[in-house]
Amino acid sequence: MILGNLIVITQTSMKRMLAYSSIGQIGYVIIGIIVGDSNGGYASMITYMLFYISMNLVTFACIVLFALCLLSLGGLPPLAGFFEKLHLFWCGWQAGLYFLVSIRLLTSVVSMYYYLKIIKLLMTGRNQEITPHVRNYRRSPLRSNNSIELSMIIVCVIASTIPGISMNPIIEIAQDTLF
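Per the numbering used here, residue 89 is the first one in the sequence shown, and the count goes up by one each step.
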């Protein structure tokens with residue numbers, strides 16, 4: 089846990105920072121295990137783990153929302169930024185500002201490029217090298233269909249969100265079981 093917190097300081101990749109942060113968070117769970125039943129350590133540990141799962145889901149949701157907002161700023165349809173830019177372009181065209189609208193259209197394409205670049209950096213980080221393991225990667229013949237994978241992801245998201253929504257009964261069950 090100490091090593092995870094120290095290594096995260098030196099990282100520049102968002103994914104690696106979050107991964108080492110998770111290693112650092114294990115220390116809180118260890119406290120609950122060491123305390124045990126005597127002072128409610130197990131119940132606190134279970135509660136912390138449920139909150140930790142919820143916090144991680146919200147963290148990744150924020151990253152996705154940030155990316156969506158950047159795409160909207162760039163004017164990607166069907167996001168809100170597209171319709172507002174379209175309306176402004178239409179108003180400018182109707183007013184006879186053809187040159188200004190043309191320049192703004194060109195700069196909108198440029199802005200979309202750098203917004204996509206920001207999203208790429210956010211998702212992939214700095215390290216763009218292809219390792220031999222990745223280069224020689226073969227798909228598994230046991231790999232499932234994409235619709236099955238998507239449904240499993242949805243089930244996992246729902247299953248990990250429900251405990252965060254109904255936290256009080258879970259805390260009571262944990263306390264009743266352990267005390």
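A virtual CB, placed ideally from N, CA and C, is assigned to each residue, including glycine.
Self-check item: Collapsed DSSP secondary structure at LEU167 in the structure displayed
Solution: Numbered from its first residue, the sequence shown carries residue 167 at position 79. DSSP places LEU167 in coil when its eight states are reduced to three.
Quiz item: Should ALA270 be labelled buried (16 or more other beta-carbon atoms within 10 Å of its own) or exposed?
Solution: This structure cannot settle anything about residue 270, because the visible part of the chain is limited to 89 through 267.
Quiz item: Going straight from the alpha carbon of TRP179 to that of ILE111, what length do you get?
Solution: Here residue 179 refers to the residue found at position 91 of the sequence shown. Here residue 111 refers to the residue found at position 23 of the sequence shown. Before going further, note that residue 179 is Cys rather than Trp in the sequence given. In a straight line, the C-alpha of CYS179 is about 53 angstroms away from that of ILE111.
Quiz prompt | Element boundaries [alpha helix (DSSP H), containing GLY128] | solution = For this step, residue 128 is matched to residue 40 along the sequence shown. Careful: GLY128 lies outside any alpha helix (DSSP H) and carries neither H nor E.
Quiz item: Buried or exposed: where does GLY162 fall if 16 or more other Cβ atoms within 10 Å of its Cβ makes it buried?
Solution: In the sequence shown, counting from the first residue as 1, residue 162 sits at position 74. Answer is buried; the Cβ neighbour count reaches 16.
Self-check item: GLN99 - DSSP class collapsed to helix/strand/coil
Solution: By one-based count along the sequence shown, residue 99 stands at place 11. It is coil, neither helix nor strand.
Self-check item: Reduced DSSP category for LEU161 - H, G, I as helix; E, B as strand; rest coil
Solution: Here residue 161 corresponds to residue number 73 of the sequence shown, with the count starting at 1. LEU161: helix per DSSP, three-state reduction.
Quiz item: Roughly how many angstroms lie between the CA atoms of ILE114 and TYR130, to the nearest whole one?
Solution: In the sequence shown, the residue the question calls residue 114 occupies position 26. In the sequence shown, the residue the question calls residue 130 occupies position 42. Going from the Cα of ILE114 to the Cα of TYR130 covers about 14 angstroms.
Quiz item: Between the region 134-147 and the region 179-199, do three or more beta carbon pairs fall short of 8 angstroms?
Solution: no
Exercise. With a 10 Å radius around its C-beta and 16 neighbouring C-beta atoms as the bar for buried, classify MET211 as buried or exposed.
Key: The residue given as residue 211 occupies position 123 in the sequence shown. Exposed is the call here.
Practice problem: Helix, strand or coil for GLY92, going by three-state DSSP, please let me know. | Solution: To locate residue 92, count along the sequence shown from 1; it is residue 4. Helix, per DSSP.
Practice problem: Within 10 angstroms of the Cβ of LEU158, are there 16 or more other Cβ atoms? Answer buried if so, exposed if not. | Solution: Along the sequence shown, read from residue 1 onward, the residue named residue 158 stands at position 70. With 16 or more other Cβ atoms within 10 Å, it is buried.
Self-check item: Burial state of LEU120, where buried means 16 or more other Cβ atoms lie within 10 Å
Solution: Walking along the sequence shown from the start, residue 120 turns up at place 32. According to the sequence provided, residue 120 is Gly. The question's Leu does not apply to it. Classification for GLY120: buried.
Quiz item: If we count the other Cβ atoms within 10 Å of its Cβ and call it buried at 16 or more, is LYS173 buried or exposed?
Solution: In the sequence shown, counting from the first residue as 1, residue 173 sits at position 85. Per the 10 Å Cβ criterion, buried.
Quiz item: Whose C-alpha, out of ILE97, SER160, ILE95 and THR135, is nearest the C-alpha of PRO257?
Solution: What you label residue 257 is simply residue 169 of the sequence shown in a count that begins at 1. Of the listed residues, the one whose Cα sits closest to PRO257 is THR135.
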